[in-house]
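These notes are about the structure you will find just below.
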Amino acid sequence: MIGTLETGHGLWSALYWLLSLAVLFLIAYFIYSSGGKTVKASGDKGKPFLSGNEMSKEETHVKSSNIYWGFTEALKSYYTPLKGEHTGDVNDYVSWFVVVLAVVLILAGGL
Amino acid sequence: MIGNLPFVACVVLIILGLYTLIFKRNLIKIVIGLNLVQCGVNLFLITLGYKSDSVAPIYTMAGKEEMVLPTPQALTLTSIVIGLATTALILSFAILIYKHYKTADASKIRRLRG
Amino acid sequence: MINEHLPALIIGIPLLAAFATPLISKINDKLRNIFVIGVLGATLCLVVSLAFNVFDNGIFVYVMGAKSTGLSLPSGYRMPIRIILEVDGMSIFMAIISSVVAFFGAIYSWAFMHKETGKDKYYTLLLILTAGMFGMEFTGDMFNFFVFLEITSIAACSLVGFKIRRGESSEAAFKTMVLYTLGALFVLFAVGILYGQYDALNIATLASRIQYTAMDKVALGLLVAGLAMKAGAVPMHMWVPDAYAEAPAPITMILVANSQASLYGIFRVCFTLYGLTISTHTVGWIIIILGILSMFIGVTMALIQKKIKRLMAYHAISQTGYMLLGVGVGLAVLSDANALNSYGLKAMEGGIFHIINHAMYKGLLFLTAGAVIYTTGKRNLNELGGLAHKMKFTTIFFIIGAAAIAGLPPFNGFASKLIIYESVYKFNPMLSIIAMLVSILTLASFVKVFQSAFLGPEIIKIKKEPKTMIFAMLCLSVIIIAFGLFPDIVVDKIVAPAANALVNSMQYIAAILGGA
Amino acid sequence: MMSKIVRTITNILYSSILIFGFYIIMHGHLTPGGGFQGGAVVASGIALVLIAYGYDTIKDWIKKSNLSILESIGGLAFIGVAFLGIGTTFFYNFLANSGTLFGNPTVIGINPGDLNTAGVLPLMSWAVGLKVLAGLGSIVLLMAYGIKKGDEK
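Those protein sequences? They're chains A, B, C and D, same order as listed. Under our numbering, the first residue of the first sequence is numbered -15, with each subsequent residue one higher. Under our numbering, the first residue of the second sequence is numbered 1010, with each subsequent residue one higher. Under our numbering, the first residue of the third sequence is numbered 58, with each subsequent residue one higher. Under our numbering, the first residue of the fourth sequence is numbered 59, with each subsequent residue one higher.
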């Protein structure tokens, strides 16, 4: 069958996947459409709740440096040395290259 | 032993070049370091083609002596030409960096990092 | 008649056009743009026709300057003396990527570079870069490989520093050029070592003579380190975010293909040049470790980036890791026929399939980033927001590209990553689990870009993106979706021949030296 | 602009430097040297004039746009000659031993050398020579221009 890829362990077909996705979507739509139609999202009910603060529309946008703040904070002991290595100094770039060259030479040379 | 001296010289040149590249902070000195490495590699190539008691491979002067194989010399020449182009390009970037940053110290030219 | 000369034409035509471009620019800018796009389109057609030729008839040998095109060994010679172009499945696979990427890059450049000055030099360098990539991929000669490597280095760095008004561009170009030159010099040193021992520069001749002495090991180390640096493997990756972020967007897309040409160099050296003698396990593990480091450090650094193109550049490093992992596993089990047939070859197919997928979706992502920078003039994600209101097309293309790079079905990234996961799992489950984790982090960081740049209220004024830019992005999206829906056709037709070409190095040697 | 002594010596020397450079380009297929070396010698003549007279004087004598055109022509000629051989193969030496331009057969043994040999090689030497002299000349000029512009600020 066209579109079926052998992946070494099993099979993968994007067309079947799309087909099953469509079936799932139909089921979901059926459940959605059988729900009540009386709820109206107008007035205060439709607004996002921002901990009771009044904010202008521009302020509600989450800046990219605030996203994953917890993740980077938790992995601070990993990120601080890693960022410290990316000095942007061309001498350091060359030293890393020489270090890797030495390691590869030692490993490939079978020492 | 004396025949191996050029090989020792080219390794020394390469190591000196790498030293310059790693420890010198001036942009022009970094370019000089690159050129030192390049000189070492060129010396290595030209030494490979050396053969004692033989003449230069010029066709119209062909005598009874043996000729040196011209391939390593052609390789070296190509490498020199490429080295000239890269050096010119790097120096132009060094000029531009100096114009924008007002310094030639590599440790201060670090707007791109992290 | 034209069929015989295809490899030379594919390198020669962009080179000829490169030197003609400054003269045509004197007449008219529009004519020059049409000329460049036409030349790259014609090259793409030639590459496709050469691809059919190679897949039908096997390895294509072209001898420069000989009495006939296939005459690699004139009578009385035991080794080839001329420069030979040797095109096998892997070479043509890489050439397809390079030509597609260069073609769409030129189309995208039309509008993207509209306001810049010095466009004649830009297009000249673009064509030289393309010709250099073809040269690296087609050549059957180690020294010629070095020459084309340097040609691509010089052209690429000039293009990285093209915007001389920005100090950062010059800085990135300087750093990149220092590393590129150093890496290429070590490659030249290795070529010298090989030449000194075996009196040959031709890859096939060298491969048939190589003994794997101590000096050969040194040469192998120099070649792998130098080329891995140019491919952007961690920890020699520091130039990648600088260069990719500062180059104009279409050039960044071509730089990705250029890095992959160096990746091709590693594979050619390990599989073909040293293939018969190498201790494949050690070198395979070196490549796997480089790949794992690249994957993990690349993606974790990408998560904390604030600039849109710098973030994508770190992802390029991370995705290079997948290719190194897949092909490295294949190399590690090369001498073990059972393991090779049961999962090694599949892992290589996954890695190689990932090369073409990565070139397409990462190219698309860089083009969308270029569109964002073009329309807003801002690079920092913190200053962006709500772009989806105005840039509807770019948003859709970004979603496609992001889903493909994160490995979401049904896009092409999923297909190649699935092959890599399943086959690498049989080799070593730990590697496969790391690869999956990296994929999750990739999705997370693209969710961040999507949320902060495209969603939210409109906070900045933007102009509309031009039509040629949309056209180039649309074509790449179509390719991505087609590859995602029918991955089996791609794998069977172009990926499997490439993997087989790498494994069967005897064929590569026999094409030059006869049945030796 | 440098002192009178430097300028006088430059006036005497630069013509012979140019002639020597073109000699090296022309005899590329017979003696050591060739397109690149000859072009570099010619470009060193340009550099000498540049140093002696300064950028402001020389920029009216040597136009960068002309050098750029010359460079393109050199590159085009090189690849064009390679393409001319495509009846047989790319880079085929179709002029060698043909009896026409540069077509004499090469004499073996000790002899003064015949300029009219080697087929397309002299043509390629000239193409490379043109390209290198124009390229290096414009590199030197542009660097002088760039440094000068930096000083003004």
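Backbone N, C-alpha and C define an ideal beta-carbon position, used for all residues, glycine too. Small disclaimer: the values here were computed from a predicted structure and weren't measured.
Whole-angstrom distance between residue j and residue i, CA atom to CA atom
i         : j         : result
Val107/D  : Ala98/D   : 14 Å
Lys505/C  : Tyr252/C  : 51 Å
Asn155/D  : Ile140/C  : 22 Å
Asn439/C  : Leu350/C  : 29 Å
Ile536/C  : Glu406/C  : 19 Å
Ala135/D  : Thr452/C  : 47 Å
Thr175/D  : Leu1086/B : 23 Å
Ile144/D  : Met417/C  : 34 Å
Phe117/C  : Tyr134/C  : 20 Å
Ala573/C  : Tyr165/C  : For Ala573/C, the predicted structure reports a pLDDT of 45, less than 50, and the residue's modelled location is therefore unreliable. A value from the coordinates is still provided. Cα-Cα distance, rounded: 48 Å.
Lys287/C  : Lys121/D  : 37 Å
Gly193/D  : Ser126/D  : 7 Å
Cys1048/B : Val100/D  : 24 Å
Val291/C  : Ile345/C  : 12 Å
Met121/C  : Ile67/D   : 47 Å
Ser509/C  : Glu42/A   : 12 Å
Asn561/C  : Leu130/C  : 21 Å
Leu80/C   : Asn90/C   : 13 Å
Met201/D  : Ala1103/B : 11 Å
Leu128/C  : Asn398/C  : 35 Å
Ser210/C  : Ile109/D  : 31 Å
Thr1056/B : Pro1015/B : 7 Å
Residues sharing a beta bridge with residue i, DSSP
i         : result
Glu479/C  : Glu479/C pairs with nothing; no bridge assigned.
Met136/C  : Bridge partners of Met136/C: none, in fact.
Val144/C  : Phe117/C
Ala1076/B : For the sequence presented, residue 1076/B should be read as Met rather than Ala. According to DSSP, which records beta bridges pairwise, Met1076/B is partnered with Val1064/B.
Thr196/C  : Leu142/C
Asn1035/B : Asp1114/B
Thr175/D  : Asn162/D
Asn437/C  : Lys364/C
Endpoints, beta strand (DSSP E) assigned at residue i
i          : result
Ser(-3)/A  : -5 to -3
Thr(-12)/A : -12 to -10
Short Cβ contact (8 Å threshold) for residue i with residue j
i         : j         : result
Gln317/C  : Met151/C  : yes
Phe423/C  : Thr309/C  : yes
Ala163/C  : Val93/C   : yes
Ile104/D  : Gly91/D   : no
Ile335/C  : Tyr431/C  : no
Ile516/C  : Gly434/C  : no
Met352/C  : Ala492/C  : yes
Ile154/C  : Ile412/C  : yes
Ala1115/B : Tyr1107/B : no
Ala426/C  : Met369/C  : yes
Ile566/C  : Ser148/C  : no
Gly383/C  : Leu391/C  : no
Ala404/C  : Gly341/C  : no
Leu488/C  : Val481/C  : yes
Ala51/C   : Ile409/C  : Nothing can be reported for residue 51/C: it is not among the residues displayed for chain C, which extend from 58 to 573.
Ile59/C   : Val104/C  : no
Residue i CB to nearest heavy atom of the ligand PLP below 7 Å
i        : result
Ala461/C : Among the ligands in the structure shown, none appear at all, so the ligand PLP cannot be discussed.
Host alpha helix (DSSP H) of residue i (start-end)
i        : result
Arg266/C : 260 to 266
Met295/C : No alpha helix (DSSP H) contains Met295/C, which DSSP labels as neither H nor E.
Tyr371/C : 365 to 389
Lys287/C : 271 to 288
Phe243/C : 224 to 255
Glu129/D : 122 to 142
Thr174/C : Counting along the chain, Thr174/C falls outside any alpha helix (DSSP H), and DSSP gives it neither H nor E.
Glu42/A  : Neither: Glu42/A is in no alpha helix (DSSP H) and is coded neither H nor E.
Leu320/C : 306 to 324
Take every Cβ of the stretch 162 to 182 of chain C, pair it with every Cβ of the stretch 229 to 245 of chain C, and state whether three or more of those distances are shorter than 8 Å.
-> Cβ pair count under 8 Å is below three, so no.
Is the number of C-beta pairs between the stretch 465 to 480 of chain C and the stretch -8 to 3 of chain A that are closer than 8 Å three or more?
-> The stretch 465 to 480 of chain C, when compared against the stretch -8 to 3 of chain A, does touch it at the 8 Å Cβ threshold.
Stretch pair the stretch 1075 to 1085 of chain B + the stretch 1095 to 1110 of chain B: three plus CB contacts closer than 8 Å | Contact fails: fewer than three Cβ-Cβ distances are below 8 Å.
Three CB pairs or more closer than 8 Å across the stretch 292 to 300 of chain C and the stretch 361 to 376 of chain C = A contact is defined here as three or more CB-CB pairs under 8 Å, and the stretch 292 to 300 of chain C meets this definition with respect to the stretch 361 to 376 of chain C.
Can you find at least 3 beta carbon pairs, one from the stretch 1010 to 1023 of chain B and one from the stretch 65 to 81 of chain A, that sit closer than 8 Å?
-> Short answer: they don't touch.
Below 8 Å, can you find three or more Cβ-Cβ pairs linking the stretch 69 to 78 of chain D to the stretch 161 to 172 of chain D?
-> The answer is no - the stretch 161 to 172 of chain D does not touch the stretch 69 to 78 of chain D, with fewer than three Cβ pairs under 8 Å.
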